[in-house]
Amino acid sequence: MTERFDVVVVGAGPAGSMAALTLARAGRSVCLLERGPFPGSKNLYGGVIYGRVLDEILPRWIDEAPIERWVTRRVTMVLTETQSLAVDFRSSAWGAKPYNGATALRPEFDSWLASEAEKAGAVLVCSTTATGLLLDERGRTTGVRTDRPGGDIEAGVVIACDGVNAFLAKQAGLTSTEDPSHYTLGVKEVLALAPDEIERRFGLEPGEGADFEVIGGTGGIAGGGFLYTNRETVSVGLVLSIEGLSRSETRPEQLLAEFKSHPAIRPLVAGGDVVEYGAHLIPEAGLAMMPRLAGDGILVAGDAAGMCLAAGIWLEGVNFAMASGAAAGEAAAEALERGDTSAGGLRGYRKRLEANFVLADHRRLKRAPHLVLSDRMQHQYPQLVCNLVEEIFTVRNPSPKQGIVAQARQERRKAGVRLRDLARDGWSAWRTFR
Amino acid sequence: MRRPLFAACWKVVELRSSIDPLTGEVTPDHLSLGVSRSDEAALEWALRSAARWGGGVRLVTAGSAKTEAALRQGAAVGATELLRVDLPIDWPSDWIARAVAPHLADADLVWCGDMSTDRGSGAFPAYLAAELGISQALGLIGVELNGPDGPAGSDGPDKGLGFEALRRLDGGRRERLSIGARAVLSCEGATTRLRRASLDGVLVARDAPIAVRVGSRGTTVAPAVASIAPFRPRARVVEPPAGPTARERIRSLTGADAAGRTARAITLNPREAAVAILEALGSWGELPAGLSGERAGDLP
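Protein sequence lines, in the order shown, are assigned to chains A and B. Taking the working numbering, the leading residue of the first sequence gets 1, the next gets one more, and so forth. Taking the working numbering, the leading residue of the second sequence gets 1001, the next gets one more, and so forth.
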């Protein structure tokens, strides 16, 4: 027996639930498929949720969403084997409404967001995997096949929010050839610490959270590290280039253990009991890896569309997923209203993404992933900067202090950084982040 | 003739808990509500019973409204009636059995799982059988519903509603049972696996009606406990072992060559069975002095 809905959304993550919520509110019948036993059960992230995108859609999200801590401290850190240099920013404004970012646990957050979609009328079906698309004789998507007996679902539009592997987008022919350099592997441990101990170590007030983004500390593999404070746990992890990890023949958990033992990280996590370990692919290449976002009868959103923004100082995913899901929902509702769910009829999706921050940010920062993961940015510059700062602050009496410019020149030579590379990367950084 | 009714009892609990490594505090994961493999197997056997002999399947659980999502999963695979007995899930098994029993009075076979994932006592099926006043076959590790009809229960209304099952006993021993209606049965999770619900079933089950009855624990009569003491096997005086070699003396001492306690199948009424059990235990030296089969006359 075949079921029929206006729209079937595959994946009840932030993108899928927002798409389902938008469609249900538009009066459309929508089936939200989730392969895990509950939304969020299969999801993994270690990060901050920026919920501004929820302000209009779920105005009471600040009071209702299962938030762990509101981030008031943002640290960007550069690590070498023995040194660390940090830019430590705090804002008390981020600790009060309307807040800026928050840490959350995905099983709780995704379940809450999916429940909002259900309240609006979406039909959530868990423990059900979409195994493929249903296509008509012209190759147009007409629904999905699931792994349940009699599990075909026909729909006017399929919104594929099935995560980084993007199986449905691939089947629909929306993705180009896969490039491993477009992906990183995120590995994460969740360490249990008492709330007051977390607040003491990270210098926080109760309810406040910290977000540490780290360049270096990855054993020479391109990538970075992170630390986030939850209510009673700390998430610590690494993001590692797939190619670099493969070449190094090192296991990610070993790299994570080394990261945790770095002198700058150890005091923050020491004594924490590991309560969770996980690993997940991250689509990092932004625009360079984005598939075609619409096909006949199908839209792609969230990680499946490579919406994650990995631009050095900005690492955002959930807000991009939620915004793309909402845009996909609106575009699908509009196309159904017009009775045209072809790729052309669904072009409103791309227009919406271009009109809001999703594609605007990706476009503006399209050079960032390549720049951030470049060899010089990953290895030579952190070493150069840390050595320079160490030199500046090392007192060598009775020798007099050297001029900072002279020291910088000296450290640049020691680090083997050519002036023209420095100038080229500086220009590139300026163009990227201006 | 009345259509047979098969029932399955589920205990809906959090399948996972997190343990705070700092304080040892156990926090059940409210997102993981579900039932054990053995409870799932119980429903599958109930569904197969209905397929074999016709009739409906009533799925029963006890607890708060949060258990209803799990009940609907049962409806998705084919349970025809859903019933929730509203009561605190932390009641002891005998209270729960007393509250649930009135709603299973018309069931021919009541299938239960033999364990729940929250480390419950596993006593519910036995209490339920006692409340219903029907037979029990607990700890089933194999069920043969499709064999030839076994003897129907002597008090069962449906002749021919019988089958064979294998039950675990202590010491790795097994017992083959001939089961007929009416009975309470508990099965291990390994006996079978619950069928996967069709998509249609899942969607229809979203609106399946769930009857809710308020549970009452009734009047509780606590058993009189004469004394509580740790179990200490009684020392027995035995003759020095005979035999010319150490090996033979050890064999003699351990009774390796003696005739074993061979099993024998006897058919007795409950009172005679109790006397026989006490006599056997007494002859094996397992009973304290003064308590033996001779005192069986004291049995009520």
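Here a beta-carbon is modelled for each residue, glycine too, at the ideal position from N, C-alpha and C.
**Asked** Mind checking if A/S111 is an interface residue toward chain B, Cβ cutoff 8 Å exclusive?
**Response** Here residue 111 of chain A refers to the residue found at position 111 of the first sequence. By this cut-off, A/S111 is an interface position.
**Message:** Taking only three categories from DSSP, how would you classify A/G36?
**Reply:** Within the first sequence, residue 36 of chain A is the residue found at index 36, counting from 1. In the structure shown, A/G36 sits in coil (DSSP, three-state: anything other than H, G, I, E or B).
**Message:** For B/E1144, report the span of its beta strand (DSSP E) as first-last.
**Reply:** Numbered from 1 along the second sequence, position 144 holds the residue referred to as residue 1144 of chain B. Where B/E1144 is concerned, the enclosing beta strand (DSSP E) stretches over S1135 to E1144.
**Message:** With three or more beta-carbon pairs closer than 8 Å as the criterion, would you say the segment 1058-1074 of chain B touches the segment 1198-1208 of chain B?
**Reply:** yes
**Request:** Give me the Cα-Cα distance between B/G1180 and B/D1106, rounded to the nearest whole angstrom.
**Result:** For this step, residue 1180 of chain B is matched to residue 180 along the second sequence. For this step, residue 1106 of chain B is matched to residue 106 along the second sequence. Spanning the two alpha carbons is a distance of roughly 15 Å.
**Prompt:** Using the beta-carbon of each residue, which ones in chain A are nearer than 7 Å to B/L1071?
**Reply:** The sequence position of residue 1071 of chain B within the second sequence is 71, counting from 1. Ordered by position in chain A, no residue passes the 7 Å Cβ test against B/L1071, which lies about 15 Å from the chain.
**Request:** Classify A/V385 as helix, strand or coil using the three-state DSSP reduction.
**Result:** Within the first sequence, the letter at position 385 stands for residue 385 of chain A. Helix at A/V385.
**Item:** Per-residue DSSP class, three states only, for B/Y1127
**Value:** Counted from its first residue, the second sequence places residue 1127 of chain B at position 127. Three-state result, B/Y1127: helix.
**Asked** Where in the segment 218-276 of chain A do unbroken runs of the beta strand (DSSP E), each at least 3 residues long, occur, reported from the N-terminal end onward?
**Response** 223-229 and 233-241
**Message:** Does chain B have any CB closer than 8 Å to the CB of A/I153?
**Reply:** Here residue 153 of chain A refers to the residue found at position 153 when the first sequence is read from its first residue. Yes - at least one Cβ of chain B is within 8 Å of the one on A/I153.
**Item:** chain A contact residues for B/V1202, given Cβ-Cβ distances below 8 Å
**Value:** Counting from one through the second sequence, the residue named residue 1202 of chain B turns up at place 202. What B/V1202 touches in chain A: V125, T128 and R148.
**Message:** For a cutoff of 8 Å on Cβ pairs, would you count B/D1257 as touching chain A?
**Reply:** Indexing the second sequence from 1 puts residue 1257 of chain B at position 257. Judged by the 8 Å Cβ criterion, B/D1257 is not in contact with chain A.
**Message:** Just verifying my parser: in three-state terms, what is the DSSP assignment at A/R418?
**Reply:** Taking the first residue of the first sequence as 1, we reach residue 418 of chain A at position 418. Of the three classes helix, strand and coil, the one that applies to A/R418 here is coil, per DSSP.
**Request:** Look at the alpha carbon of B/L1128 and the alpha carbon of B/P1021, and state the distance between them as a whole number of angstroms.
**Result:** As a working note, residue 1128 of chain B is residue 128 in the second sequence. As a working note, residue 1021 of chain B is residue 21 in the second sequence. One C-alpha to the other measures close to 38 Å.
**Asked** Relative to chain B, which residues along the segment 314-345 of chain A have a C-beta separation below 9 Å, given in chain order?
**Response** none
**Item:** Rounded C-alpha distance that separates A/F320 from B/V1100
**Value:** Stepping through the first sequence from its first residue, residue 320 of chain A is reached at position 320. Stepping through the second sequence from its first residue, residue 1100 of chain B is reached at position 100. Approximately 50 Å, taken between the alpha carbons.
**Message:** In chain order, what are the residue ranges of uninterrupted beta strand (DSSP E) at least 3 long that sit wholly in the segment 140-204 of chain A?
**Reply:** 141-146, 152-160 and 183-192
**CA-to-CA distance, A/I49 to A/L240, given in whole angstroms** = On the first sequence, position 240 is the one that residue 240 of chain A refers to. On the first sequence, position 49 is the one that residue 49 of chain A refers to. Using only the alpha carbons, I get a separation of about 21 Å.
**Message:** Using the Cβ count rule (16 or more neighbours within 10 Å means buried), how would you classify B/G1153?
**Reply:** Counted from its first residue, the second sequence places residue 1153 of chain B at position 153. In this prediction, B/G1153 scores a pLDDT of 42, lower than 50, which makes its location untrustworthy; no coordinate-derived value is stated.
**Prompt:** How many Å lie between A/W112 and A/T432 at the Cα?
**Reply:** What you label residue 112 of chain A is simply residue 112 of the first sequence in a count that begins at 1. What you label residue 432 of chain A is simply residue 432 of the first sequence in a count that begins at 1. Approximately 36 Å, taken between the alpha carbons.
**Message:** Please report the distance separating the alpha-carbon of B/L1268 from that of B/E1040.
**Reply:** Within the second sequence, residue 1268 of chain B is the residue found at index 268, counting from 1. Within the second sequence, residue 1040 of chain B is the residue found at index 40, counting from 1. The alpha-carbon atoms of B/L1268 and B/E1040 are separated by roughly 35 Å.
**Item:** Same chain, Cβ closer than 8 Å to B/V1225, five either side skipped, listed in chain order
**Value:** One-based indexing of the second sequence puts residue 1225 of chain B at position 225. Excluding residues within five positions, none has a Cβ falling inside 8 Å.
**Sequence-distant residues of its chain with Cβ nearer than 7 Å to A/R231 (five each side left out)** = Counting from one through the first sequence, the residue named residue 231 of chain A turns up at place 231. Excluding residues within five positions, the ones whose Cβ falls inside 7 Å are E68, R69 and P195.
**Asked** A/L268 and A/T218: beta carbons closer than 8 Å?
**Response** The residue given as residue 268 of chain A occupies position 268 in the first sequence. The residue given as residue 218 of chain A occupies position 218 in the first sequence. No; because the gap between Cβ atoms is not below 8 Å, this pair is not in contact.
**Segment contact, 8 Å Cβ cut-off, at least three pairs: the segment 83-98 of chain A with the segment 17-37 of chain A** = no
**Prompt:** Would a C-beta distance cut-off of 8 Å place A/R145 and A/N43 closer than the cut-off?
**Reply:** As a first step, residue 145 of chain A must be located in the first sequence, where it is residue number 145. As a first step, residue 43 of chain A must be located in the first sequence, where it is residue number 43. In this structure, A/N43 does not lie closer than 8 Å to A/R145 by Cβ.
**Asked** Do B/P1004 and B/G1078 have their C-beta atoms closer together than 8 Å?
**Response** For the purposes of this step, residue 1004 of chain B is taken as residue 4 along the second sequence, with counting starting at 1. For the purposes of this step, residue 1078 of chain B is taken as residue 78 along the second sequence, with counting starting at 1. It is not a contact, given that the beta carbons lie outside the stated cut-off.
**Message:** I believe A/A155 touches A/G143 by the beta-carbon criterion, under 8 Å. Please report the beta-carbon distance rounded to the nearest angstrom.
**Reply:** Counted from its first residue, the first sequence places residue 155 of chain A at position 155. Counted from its first residue, the first sequence places residue 143 of chain A at position 143. Contact holds; Cβ gap of about 5 Å.
**Asked** Quick one: does B/S1198 have its CB under 8 Å from some CB of chain A?
**Response** Position 198 of the second sequence, counting from 1, holds the residue named residue 1198 of chain B. So, interface residue.
**Request:** Report the partner residues of A/V48 according to the DSSP bridge assignment.
**Result:** Translated into positions along the first sequence, residue 48 of chain A becomes position 48. BP columns for A/V48 point to A/T103.
**Request:** In angstroms with no decimal places, state the Cα-to-Cα distance between A/G16 and A/Y381.
**Result:** If you number the first sequence from 1, residue 16 of chain A lands on position 16. If you number the first sequence from 1, residue 381 of chain A lands on position 381. Approximately 40 Å, taken between the alpha carbons.
**Prompt:** Is there at least one Cβ from chain A nearer than 8 Å to B/P1021's Cβ?
**Reply:** Position 21 of the second sequence, counting from 1, holds the residue named residue 1021 of chain B. It does: the Cβ of B/P1021 has a partner Cβ on chain A nearer than 8 Å.
**Item:** Environment of A/E284 [buried if 16+ CB atoms lie within 10 Å]
**Value:** Residue mapping note: residue 284 of chain A aligns to position 284 of the first sequence, counting from 1. Under this definition A/E284 is a buried residue.
**Asked** Can a CB atom of chain A be found closer than 8 Å to the CB of B/S1121?
**Response** For this step, residue 1121 of chain B is matched to residue 121 along the second sequence. With 8 Å as the cut-off, B/S1121 does not count as an interface residue toward chain A.
**Prompt:** If you draw a straight line from the C-alpha of B/T1061 to the C-alpha of B/K1011, how long is it?
**Reply:** Working through the second sequence from its first residue, we reach residue 1061 of chain B at position 61. Working through the second sequence from its first residue, we reach residue 1011 of chain B at position 11. Cα-Cα distance, rounded: 6 Å.
**Asked** In terms of alpha-carbon separation, which member of B/G1171, B/L1140 and B/F1163 lies closest to B/T1313?
**Response** The displayed coordinates of chain B run from 1001 to 1300. Any statement about residue 1313 of chain B would go beyond what the structure contains.
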